[in-house]
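Visitor:
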Amino acid sequence: MKALRVAIAGAGGIGRHHAKWHAQGGSEVVAILGSQADRIPTTSRQLQELFGFHGRGYTDFDDLLARERPDVIDICTPNEAHFDLARQALDAGCHVLCEKPLVWASTSTTALEQARSLVDQAEALGLHLGMCSQYATSLAQYRRLCPLIDPTTSSSFAVEMETLSRGQPRDAAAIWVDMGPHPLSLILAAWPTASLLPNSLRVAFEGRTAMAWFTIDAEGHHCRCHVTVRDRDEGPLVRRFSFDDHAVDLSGRADDEGVYRSVMTQDGVEDLGDDLMRLLIEQFARAVCGDDSEPIVPPRVAMRNLGLQATILAVA
Numbered sequence: 125m126k127a128l129r130v131a132i133a134g135a136g137g138i139g140r141h142h143a144k145w146h147a148q149g150g151s152e153v154v155a156i157l158g159s160q161a162d163r164i165p166t167t168s169r170q171l172q173e174l175f176g177f178h179g180r181g182y183t184d185f186d187d188l189l190a191r192e193r194p195d196v197i198d199i200c201t202p203n204e205a206h207f208d209l210a211r212q213a214l215d216a217g218c219h220v221l222c223e224k225p226l227v228w229a230s231t232s233t234t235a236l237e238q239a240r241s242l243v244d245q246a247e248a249l250g251l252h253l254g255m256c257s258q259y260a261t262s263l264a265q266y267r268r269l270c271p272l273i274d275p276t277t278s279s280s281f282a283v284e285m286e287t288l289s290r291g292q293p294r295d296a297a298a299i300w301v302d303m304g305p306h307p308l309s310l311i312l313a314a315w316p317t318a319s320l321l322p323n324s325l326r327v328a329f330e331g332r333t334a335m336a337w338f339t340i341d342a343e344g345h346h347c348r349c350h351v352t353v354r355d356r357d358e359g360p361l362v363r364r365f366s367f368d369d370h371a372v373d374l375s376g377r378a379d380d381e382g383v384y385r386s387v388m389t390q391d392g393v394e395d396l397g398d399d400l401m402r403l404l405i406e407q408f409a410r411a412v413c414g415d416d417s418e419p420i421v422p423p424r425v426a427m428r429n430l431g432l433q434a435t436i437l438a439v440a
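Heads up, my numbering is the position in the sequence shown plus 124, with the first residue counted as 1.
(1) If you check the beta carbons only, do Asp399 and Arg385 fall under 8 Å apart?
(2) Kindly say whether Ala216, judged by its beta-carbon, lies nearer than 8 Å to any beta-carbon of chain D.
(3) Could you give the first and the last residue of the continuous alpha helix (DSSP H) run that contains Arg267?
(4) Could you give the DSSP three-state label for Asp295: helix, strand or coil?
(5) Can you find at least 3 beta carbon pairs, one from the segment 325 to 341 and one from the segment 386 to 394, that sit closer than 8 Å?
(6) I'd like to confirm the pairing. Which residues does DSSP put opposite Asp355 in its beta bridges?
(7) Quick check on Glu223: does DSSP put it in helix, strand or coil?
(8) Here's a check: name, in chain order, each residue in its chain whose Cβ is nearer than 8 Å to the Cβ of Ile273, leaving out the five neighbours to either side.
(9) Whole angstroms is fine: what's the gap from Arg169's alpha carbon to Ala147's?
(10) Out of Ala135, Pro165, Arg180, Ala328, which has the shortest C-alpha to C-alpha gap to Val154?
(11) Where does the unbroken beta strand (DSSP E) through Arg326 begin, and where does it stop?
(12) Taking just the CA atoms, how far does Pro202 sit from Trp300?
(13) Per DSSP, what kind of secondary structure is Val279 in: helix, strand or coil?
Structure, rendered in structure tokens:
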């Protein structure tokens, strides 16, 4: 089978890791898109050292699409650029994998309209559109570590996720925009049709911590949820979630062969799994190659994620 041709829009940050997993999964990373021409040589050199990148760098997206004709565009740019890039890529016949949130705009109404437009466009063209929120892949690892717990029948869910400020502390609302899709993706991985029960939502956005309490309804099943996302300056990050009070901690490290792995721990018992981002990207490639599967976070679930995120932010 011919290797997928992948282009990365925004390869200077998290996009570096996306590019690596695409390449290690057997795809050919043919190009990167940057916003500043003088930084492209440095980014290209970093990617060459990381996985042997030999593609071209662009600052003009139309030029990239016309010259490279990629199969997949992976969007890792600032949130507000997601919509225009995804729309152009779909128009050019490319499948699109987009970092979370799927889109973002000055108002939630505009963002939801943009998301709906992209979903309709992808479906009309028969193209895959996926959102990158890798924690949605972690339920299989959770089931291995907690075989007696079925997340889909649980009555309570809690999650706490921290991120580093990297010298740029943010307020709770900005942290929610950045991190909120991750815990919501866990909820939607268990219950893809989940919606908020009216009048169940309570929020506390204070300092650098955003918290929300709510009850979801998934085709008649109710689950109480408590979500916390937080920004911190340094130190090991907390990434923890639980169904019915059976909590696990998530981290990552390289194994004995130097391969980065997902580490899930409960009460001192450890499960070593594949890197969550790698799982998501490889599944997207399989979907594009026609194995009758969907992306880990398919378009309508990504749109539901955005709706939940916007609803919670609106009452903060």
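From the three backbone atoms N, C-alpha and C, an ideal C-beta is built for every residue, glycine too.
Guide: Reading from the atomic positions:
(1) yes
(2) Protein chain content of the structure displayed is limited to a single chain, and chain D is not contained in it.
(3) 263 to 269
(4) coil
(5) no
(6) Thr287
(7) strand
(8) Tyr266, Arg267, Phe367, Asp368, His370
(9) 15 Å
(10) Arg180
(11) 326 to 330
(12) 15 Å
(13) For the record, residue 279 in the displayed sequence is Ser; it is not Val. Ser279 falls in the coil class under three-state DSSP.
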